[in-house]
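Participant:
2 protein chains.
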Amino acid sequence: MAKVQFDRQTVLDKATSLFWRVGYSATSMQALFEVTGLKPGSVYLAFGNKEGLFKESIDFYAQSSITNLKNKFNQKQGVEQTICEILLSFVEESAQAGYCSCFLLKSQLELDEQSDLREYISSYLATIEGIYTEQLSTLYSEDEAKQKAASIMLHIFGLRVYGYHSNSEAQIVNGLRLGLHWLPWSNFDH
Amino acid sequence: MAKVQFDRQTVLDKATSLFWRVGYSATSMQALFEVTGLKPGSVYLAFGNKEGLFKESIDFYAQSSITNLKNKFNQKQGVEQTICEILLSFVEESAQAGYCSCFLLKSQLELDEQSDLREYISSYLATIEGIYTEQLSTLYSEDEAKQKAASIMLHIFGLRVYGYHSNSEAQIVNGLRLGLHWLPWSNFDH
DNA sequence: CAATAAATTGAATGTTTGTTCAAAAAATAA
DNA sequence: TTATTTTTTGAACAAACATTCAATTTATTG
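These protein sequence lines map, in sequence, to chains D and L.
Residue 427 in our numbering sits at position 171 of the first sequence, and the numbers go up by one each step.
Residue 428 in our numbering sits at position 172 of the second sequence, and the numbers go up by one each step.
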């Protein structure tokens, strides 16, 4: 059997960027052919159809996000300090040119009610929340860890929307400090 | 001159519902003709094009939301109690079948970076934040009112995303209570 | 009642959409 | 090398897309 000749990761990286920025519906196959350099037949052989390519793009993004998150917690600073760092890095991200919010969040909101993909994305978001819960449960009771994780997710979703339209980094950080007052923000003063 | 014969408000109401649920890109003119009962020519005469109809739908939704919000504050309970009620009503909304998040939020995230509509929607969101700030400044200093309003907006955005995929009302309420601990939630215990 | 102006109609426009497929090329296996 | 399998190619497809417009209907004006 002949070897796959295009690099799947490279193609997925480019497709993900386009889907992320433009959205599922507004991204045409034509545009995907151009950005990936593949011809129709290759894409359809490798991914089935547009939805298949999109699903793999979601996987690509989500798995990378989850790996990244786990790595940050494994750097063995305090859990809460790490959470502060993560949130502040999200704020920083949101201030950059071409900021596209979070691919999972955007896709979740765009997808139709009866699409299986919506559930699929939900489970990735639940996995992420689970990581926060797990980490916090080293410091708090299970109930408290769950509540705090829910509060963190609310803030993450919030800032990924807020950061999309407002340019005031400082305002977001103030909002985070107020809402997540139990985190060690003082370590980040200067 | 002949009178406009279709009821503009009715048409906008129906168009808004469709755009809100399905999104801008995925909503076809065909579907809009069907849902409004109008023929192509009528829509194009009255609204110019798809984007024109969408913009008026945004206006329709935003103005109604803003009026609604102001009314709630004019009922003259305490400001903070009113805010709790608003947030809890959003949570309740999110638990209902066919929940579509917030039309402004969804559209904001869907629209392309260089679309004028994105700024347009941003200014509506800023207006809403301004109302919270204004109300809170009757109780707090300007700086504190702004910070609290930002925190409220973060939570509203957060719950309108969180509520889209999670079915646990209780978890969201817990998150709100923790993050917005300075609000009089105790009035809502029973 | 005409005369005039505006709104409605629905067929038709030319693109763009996602997808297919037979032929060609490339890679592996014998 | 030859035979076999897999990938790539790019033209072609029907369906759906947003939009237009001349003809018709409806409403207002004089």
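Every residue, glycine too, gets a C-beta built ideally from N, C-alpha and C.
1) Report the neighbours of Leu-361 (chain L) on chain D: residues whose CB is nearer than 7 angstroms to its CB, in chain order.
2) Could you tell me which of L:Ser-371, L:Ala-406 and L:Glu-375 sits nearest to Gly-386 (chain L), measuring between CA atoms?
3) From Gln-286 (chain D) to Glu-366 (chain L), what does the alpha carbon distance come to, in whole angstroms?
4) On the criterion of 16 or more Cβ atoms from any shown chain inside 10 Å, does Ala-271 (chain L) qualify as buried, or is it exposed?
5) Here's the rule I'm using: 16 or more other beta-carbon atoms within 10 Å means buried, otherwise exposed. How should Tyr-380 (chain D) be labelled?
6) Could you tell me which of L:Val-429, L:Glu-336, L:Leu-439 and L:Leu-410 sits nearest to Glu-425 (chain D), measuring between CA atoms?
7) Measuring only the C-alpha atoms, how far is Lys-332 (chain L) from Val-278 (chain D)?
8) Output, in chain order, the set of chain L residues within a Cβ distance shorter than 8 angstroms of Ile-428 (chain D).
9) Three-state secondary structure (DSSP) at Asp-315 (chain D)?
10) For the putative contact between Phe-447 (chain D) and Thr-266 (chain D), defined by C-beta atoms under 8 angstroms, what is the C-beta separation to the nearest angstrom?
11) With a CB to CB cut of under 7 angstroms and the five nearest residues on each side skipped, what residues in its chain are close to Leu-392 (chain L)?
12) Report all residues from its chain with a CB closer than 7 angstroms to the CB of Lys-306 (chain D); omit the five preceding and five following residues, and keep chain order.
13) Do the region 411 to 419 of chain D and the region 338 to 356 of chain D meet, that is, are 3 or more Cβ pairs less than 8 angstroms apart?
14) Taking 9 angstroms as the cut-off, decide whether the C-beta atoms of Ile-339 (chain L) and Leu-439 (chain L) are in contact.
15) For Leu-395 (chain L), count neighbouring C-beta atoms within 10 Å of its own C-beta (all shown protein chains included) and say buried if the count is 16 or more, exposed if not.
16) Would Ile-377 (chain D) pass as an interface residue toward chain L - the criterion being a Cβ-Cβ separation below 9 angstroms?
17) Given this structure, state the Cα-to-Cα distance separating Asp-263 (chain D) from Leu-288 (chain L), to the nearest angstrom.
18) For the alpha helix (DSSP H) that Glu-425 (chain D) lies in, which residues bound it at each end?
19) Taking the beta carbon of Thr-323 (chain L) as the centre, do at least 16 other beta carbons fall within 10 Å, making it buried, or is it exposed?
20) Can you tell me which of the three DSSP states Asn-327 (chain L) falls into?
21) In whole angstroms, what separates the C-alpha of Val-291 (chain L) from that of Gly-419 (chain L)?
22) Note down the Cα distance separating Tyr-317 (chain D) from Lys-311 (chain D), rounded to an integer number of angstroms.
23) Would you tell me roughly how many angstroms separate the C-alpha atoms of Gln-337 (chain L) and Asn-443 (chain L), rounded to the nearest one?
24) Determine the direct distance from the alpha carbon of Ile-408 (chain L) to that of Lys-326 (chain L), and round the result to whole angstroms.
25) To the nearest angstrom, report how far apart Gln-261 (chain D) and Tyr-280 (chain L) are at their CA atoms.
Facilitator: So, from the data block:
1) Counting from 1 along the second sequence, the entry for residue 361 (chain L) is found at position 105. Correct list: Val-417.
2) Your numbering for residue 386 (chain L) matches position 130 in the second sequence. Out of L:Ser-371, L:Ala-406 and L:Glu-375, L:Ala-406 has the C-alpha closest to the C-alpha of Gly-386 (chain L).
3) Numbered from its first residue, the first sequence carries residue 286 (chain D) at position 30. Numbered from its first residue, the second sequence carries residue 366 (chain L) at position 110. Their Cα atoms are separated by approximately 20 angstroms.
4) The residue labelled residue 271 (chain L) in the question sits at position 15 within the second sequence. Its Cβ being crowded by 16 or more others within 10 Å, Ala-271 (chain L) is buried.
5) Taking the first residue of the first sequence as position 1, residue 380 (chain D) is located at position 124. When all chains shown are included, Tyr-380 (chain D) counts as buried.
6) Counting from one through the first sequence, the residue named residue 425 (chain D) turns up at place 169. It is L:Leu-410.
7) Within the second sequence, the letter at position 76 stands for residue 332 (chain L). Within the first sequence, the letter at position 22 stands for residue 278 (chain D). Those two C-alpha atoms are separated by around 44 angstroms.
8) If you number the first sequence from 1, residue 428 (chain D) lands on position 172. Under the 8 angstroms cutoff, chain L gives Ala-406 and Leu-410.
9) By one-based count along the first sequence, residue 315 (chain D) stands at place 59. Asp-315 (chain D) falls in the helix class under three-state DSSP.
10) Nothing can be reported for residue 447 (chain D): it is not among the residues displayed for chain D, which extend from 257 to 446.
11) In the second sequence, counting from the first residue as 1, residue 392 (chain L) sits at position 136. Once the five neighbours on either side are set aside, the close Cβ partners of Leu-392 (chain L) are Val-335, Ala-401, Lys-404 and Ala-405.
12) Your numbering for residue 306 (chain D) matches position 50 in the first sequence. The residues are Met-285.
13) yes
14) For this step, residue 339 (chain L) is matched to residue 83 along the second sequence. For this step, residue 439 (chain L) is matched to residue 183 along the second sequence. Cβ atoms of Ile-339 (chain L) and Leu-439 (chain L): closer than 9 angstroms.
15) Residue mapping note: residue 395 (chain L) aligns to position 139 of the second sequence, counting from 1. By the 10 Å Cβ count, Leu-395 (chain L) comes out exposed.
16) Numbered from its first residue, the first sequence carries residue 377 (chain D) at position 121. With 9 angstroms as the cut-off, Ile-377 (chain D) counts as an interface residue toward chain L.
17) Reading the first sequence from its first residue, position 7 is the one you call residue 263 (chain D). Reading the second sequence from its first residue, position 32 is the one you call residue 288 (chain L). Rounded to the nearest angstrom, the two C-alpha atoms are 42 angstroms apart.
18) Counted from its first residue, the first sequence places residue 425 (chain D) at position 169. Taken as a continuous stretch (DSSP letters only), the alpha helix (DSSP H) holding Glu-425 (chain D) covers 425 to 435.
19) Translated into the one-based positions of the second sequence, residue 323 (chain L) becomes position 67. Result: exposed.
20) The sequence position of residue 327 (chain L) within the second sequence is 71, counting from 1. Helix at Asn-327 (chain L).
21) Counted from its first residue, the second sequence places residue 291 (chain L) at position 35. Counted from its first residue, the second sequence places residue 419 (chain L) at position 163. Cα-Cα distance, rounded: 27 angstroms.
22) As a position in the first sequence, residue 317 (chain D) is number 61, starting the count at 1. As a position in the first sequence, residue 311 (chain D) is number 55, starting the count at 1. When rounded, the distance between both Cα atoms is 10 angstroms.
23) Mapped onto the second sequence, residue 337 (chain L) falls at position 81. Mapped onto the second sequence, residue 443 (chain L) falls at position 187. One C-alpha to the other measures close to 8 angstroms.
24) Counting from 1 along the second sequence, the entry for residue 326 (chain L) is found at position 70. Counting from 1 along the second sequence, the entry for residue 408 (chain L) is found at position 152. Roughly 16 angstroms separates the two Cα atoms.
25) Within the first sequence, residue 261 (chain D) is the residue found at index 5, counting from 1. Within the second sequence, residue 280 (chain L) is the residue found at index 24, counting from 1. C-alpha separation (whole angstroms): 37 angstroms.
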